[in-house]
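S.K.: Numbering (the working numbering), first residue to last: 424 to 865. From the three backbone atoms N, C-alpha and C, an ideal C-beta is built for every residue, glycine too. The model shown is predicted, which means the values in this text are computed figures rather than measured ones.
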């Protein structure tokens with residue numbers, strides 16, 4: 424049906440165009456184009472807003488996203504939150520904004536999950552629609568749980584007080600168990616997998632959180648209890664202000680057992696009560712989200728071991744913390760001429776204390792001929808920390824030499840003693856007039 428306006432399309436076609444807007448920012452921009460378009464929107468605001476909301480969150484994930492948005496966290500009885508009106512209660516302006524923020528967090532985490540476990544070459548999610556739905560459903564339920572019981576709900580004094588009162592702590596543990604018990608077992612396995620993913624993401628930034636405590640499991644439990652949004656922010660903004668917040672939070676709660684086993688304890692109780700096996704160890708638990716689990720996700724390419732600790736990939740090299748001068752062989756790490764250049768090449772201008780290890784590893788794989796013992800290694804491989812460090816130890820000096828030459832440096836005559844020379848750090852003239860980025864010939 425055509426309204427009395429100048430649009431060359433019927434109203435129902437324009438209405439359909441509105442429903443394809445990917446987010447509310449696009450919808451608002453479209454409404455500002457002309458009054459005729461806005462008039463079509465005003466004729467069907469409820470259905471258009473609902474369609475855009477589903478585009479934003481994923482159509483199947485919208486009920487969980489809305490449930491998280493409207494969850495009454497002040498209500499002790501979770502039963503009152505089980506039913507959330509969807510169609511009968513239009514989104515408010517503030518809800519649209521928050522829905523967009525939440526969806527952005529979930530989307531970015533899905534991109535990361537996909538890159539880690541499905542296709543390391545794609546920075547955006549390549550999960551199938553069903554895989555994406557499983558991931559997002561689990562993530563929104565984790566958001567609800569973390570917001571209901573998480574670390575940000577308590578200050579340190581409250582957490583200590585609760586920990587000193589066993590009946591109160593037992594009541595909260597029971598509430599955690601009851602909330603998760605409402606989900607069927609396959610959905611709980613999805614939650615288990617996504618929690619493990621979040622803990623791994625927290626584990627990448629854990630070494631950068633300089634705390635007084637050394638228990639990695641306790642630290643990642645507290646980070647998960649703080650919620651997926653903080654983990655994402657810490658992962659993305661390594662070394663920025665958010666890390667100080669994470670550091671303060673971990674230090675505040677690391678001695679308090681209130682968050683230990685934040686998800687694992689209630690899930691273990693549920694597996695036992697239902698008489699079902701716990702999710703498998705290793706990468707096979709990913710089958711709760713992925714239709715096919717790729718081979719080699721838990722095996723190091725270098726030593727073929729399956730370490731308990733993390734494996735490094737191109738998506739996580741950035742978080743590999745090294746004291747860069749120690750990557751240089753022999754006595755080169757004492758040669759200020761070379762270490763100053765290395766520092767300038769590898770340190771981010773806005774964060775001078777944090778080396779960009781990803782640049783170094785990527786360019787070694789791309790530009791430096793690998794030594795024979797590294798034949799066949801590629802940038803797509805998964806490496807344990809020891810093997811990645813071995814790769815850097817053997818090739819960083821060659822990379823530094825080639826980068827200096829590419830930047831216009833003309834190497835002087837090679838020193839006979841190469842990188843093992845003991846004069847290079849005692850005599851500045853010798854350090855600058857002889858090349859020490861070479862192997863010893865004497």
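#1: Could you tell me the alpha carbon to alpha carbon distance between residue 707 and residue 580, rounded to whole angstroms?
#2: Which stretch, first to last residue, makes up the alpha helix (DSSP H) that contains residue 615?
#3: Compute the Euclidean distance between the alpha carbons of residue 468 and residue 474, then round it to the nearest angstrom.
#4: Reducing DSSP to helix, strand and coil, say where residue 806 ends up.
#5: With a threshold of 8 Å, are at least 3 pairs of Cβ atoms found where one atom belongs to the segment 776-791 and the other to the segment 694-713?
#6: For residue 625, tell me which candidate among 538, 657, 451 has the shortest Cα-Cα distance.
#7: Could you name the residues that DSSP lists as bridge partners for residue 858?
#8: Assess, as a yes-or-no matter, whether the segment 477-494 is touched by the segment 523-543 under the definition of 3 or more beta carbon pairs within less than 8 Å.
#9: When we look at the beta-carbon of residue 443 and count the other beta-carbons within 10 Å, is it buried (16 or more) or exposed?
#10: Which one or two residues does DSSP pair with residue 735 in a beta bridge?
#11: Let me check understanding here. Comparing Cα to Cα, which of 557, 476, 723 lies closest to residue 521?
#12: What is the DSSP secondary structure of residue 852, counted as helix, strand or coil?
#13: Out of curiosity, what's the CA-to-CA distance linking residue 432 and residue 438?
#14: Alpha carbon to alpha carbon, how far is residue 758 from residue 716? Give it in angstroms, no decimals.
#15: Residue 861 and residue 837: beta carbons closer than 8 Å?
#16: Could you tell me the boundaries of the alpha helix (DSSP H) in which residue 487 lies?
#17: Nearest to residue 447 by alpha carbon, out of 496, 863, 516?
#18: So what does DSSP say about residue 597, is it helix, strand or coil?
#19: On a CA-only basis, which of 799, 827, 555 is nearest residue 768? Give me that one, please.
#20: If we count the other Cβ atoms within 10 Å of its Cβ and call it buried at 16 or more, is residue 644 buried or exposed?
#21: Is the Cβ-Cβ distance between residue 785 and residue 802 less than 8 Å?
#22: Ends of the alpha helix (DSSP H) at residue 539?
#23: What is the rounded straight-line gap between the Cα of residue 825 and the Cα of residue 833?
#24: Cβ of residue 651 within 8 Å of Cβ of residue 690?
#25: Measure the beta-carbon distance from residue 751 to residue 848 and round it to whole angstroms, keeping in mind my assumption that it falls under 8 Å.
#26: Classify residue 649 as helix, strand or coil using the three-state DSSP reduction.
#27: Where do the ends of the alpha helix (DSSP H) carrying residue 707 lie?
#28: If we count the other Cβ atoms within 10 Å of its Cβ and call it buried at 16 or more, is residue 852 buried or exposed?
#29: Can you list, in chain order, the residues of its chain whose CB lies under 6 Å from that of residue 591, leaving out five sequence neighbours each side?
#30: Would you decide whether residue 719 is buried or exposed? Buried here means 16 or more other CB atoms lie within 10 Å of its CB.
#31: Taking all protein chains shown into account, do 16 or more other C-beta atoms lie within 10 angstroms of the C-beta of residue 705, making it buried, or fewer, making it exposed?
#32: According to the Cβ coordinates, are residue 441 and residue 582 closer than 8 Å?
#33: Excluding the five sequence neighbours on either side, which residues of its own chain have a C-beta within less than 7 Å of the C-beta of residue 684, listed in chain order?
#34: Would you identify the three-state DSSP class for residue 904, choosing helix, strand or coil?
#35: Looking at residue 531 and residue 655, is the spacing between their C-beta atoms short of 8 Å?
#36: To the nearest angstrom, report how far apart residue 549 and residue 537 are at their CA atoms.
M.R.: The relevant details are as follows:
#1: Whole-angstrom Cα-Cα distance: 40 Å.
#2: It spans 608-628 - the alpha helix (DSSP H) in which residue 615 sits, taken as one unbroken run.
#3: Taking the straight line joining both Cα atoms gives about 10 Å.
#4: The DSSP-derived three-state label of residue 806 is strand.
#5: No, because fewer than three Cβ pairs between the segment 776-791 and the segment 694-713 fall closer than 8 Å, the two stretches do not touch.
#6: Ranking the options by Cα distance to residue 625, first place goes to 657.
#7: DSSP lists 837 as partners of residue 858.
#8: As far as the Cβ criterion goes, the segment 523-543 touches the segment 477-494, which means the pair count is three or higher.
#9: Residue 443 counts as exposed, since fewer than 16 other beta carbons sit within 10 angstroms of its beta carbon.
#10: Beta-bridge pairing links residue 735 to 806.
#11: It is 476.
#12: In the displayed model, residue 852 falls within a helix according to three-state DSSP.
#13: Looking at the two C-alpha atoms, the distance is approximately 10 Å.
#14: Approximately 47 Å, taken between the alpha carbons.
#15: A Cβ-Cβ contact shorter than 8 Å links residue 861 with residue 837.
#16: 485-493 is the span of the alpha helix (DSSP H), which, as asked, contains residue 487.
#17: Among 496, 863, 516, the Cα nearest to that of residue 447 belongs to 516.
#18: Three-state DSSP puts residue 597 in a helix.
#19: Just measuring C-alpha positions, the residue of 799, 827, 555 sitting nearest residue 768 is 827.
#20: Per the 10 Å Cβ criterion, buried.
#21: Result yes, Cβ atoms of residue 785 and residue 802 sit closer than 8 Å.
#22: That run of the alpha helix (DSSP H) goes 516-540.
#23: Computed Cα separation, rounded: 11 Å.
#24: The answer is no: Cβ separation not under 8 Å.
#25: With a Cβ gap of about 11 Å, residue 751 and residue 848 do not count as contacting.
#26: Three-state DSSP puts residue 649 in a helix.
#27: Per DSSP, residue 707 lies in no alpha helix (DSSP H) and is assigned neither H nor E.
#28: Looking at its Cβ environment, which holds fewer than 16 other Cβ atoms inside 10 Å, residue 852 is exposed.
#29: If we look at residue 591 and ignore the five residues flanking it on each side, its Cβ neighbours are 585.
#30: Under this definition residue 719 is an exposed residue.
#31: Counting C-beta atoms within 10 angstroms of its own C-beta, residue 705 has fewer than 16 neighbours from the protein chains shown and is therefore classed as exposed.
#32: It is not a contact, given that the beta carbons lie outside the stated cut-off.
#33: Cβ within range, chain order: 644.
#34: In this structure the chain extends from 424 to 865, so residue 904 is not present and cannot be described.
#35: Cβ atoms of residue 655 and residue 531: closer than 8 Å.
#36: Separation of residue 549 and residue 537 (C-alpha to C-alpha, rounded to the nearest whole angstrom) is 6 Å.
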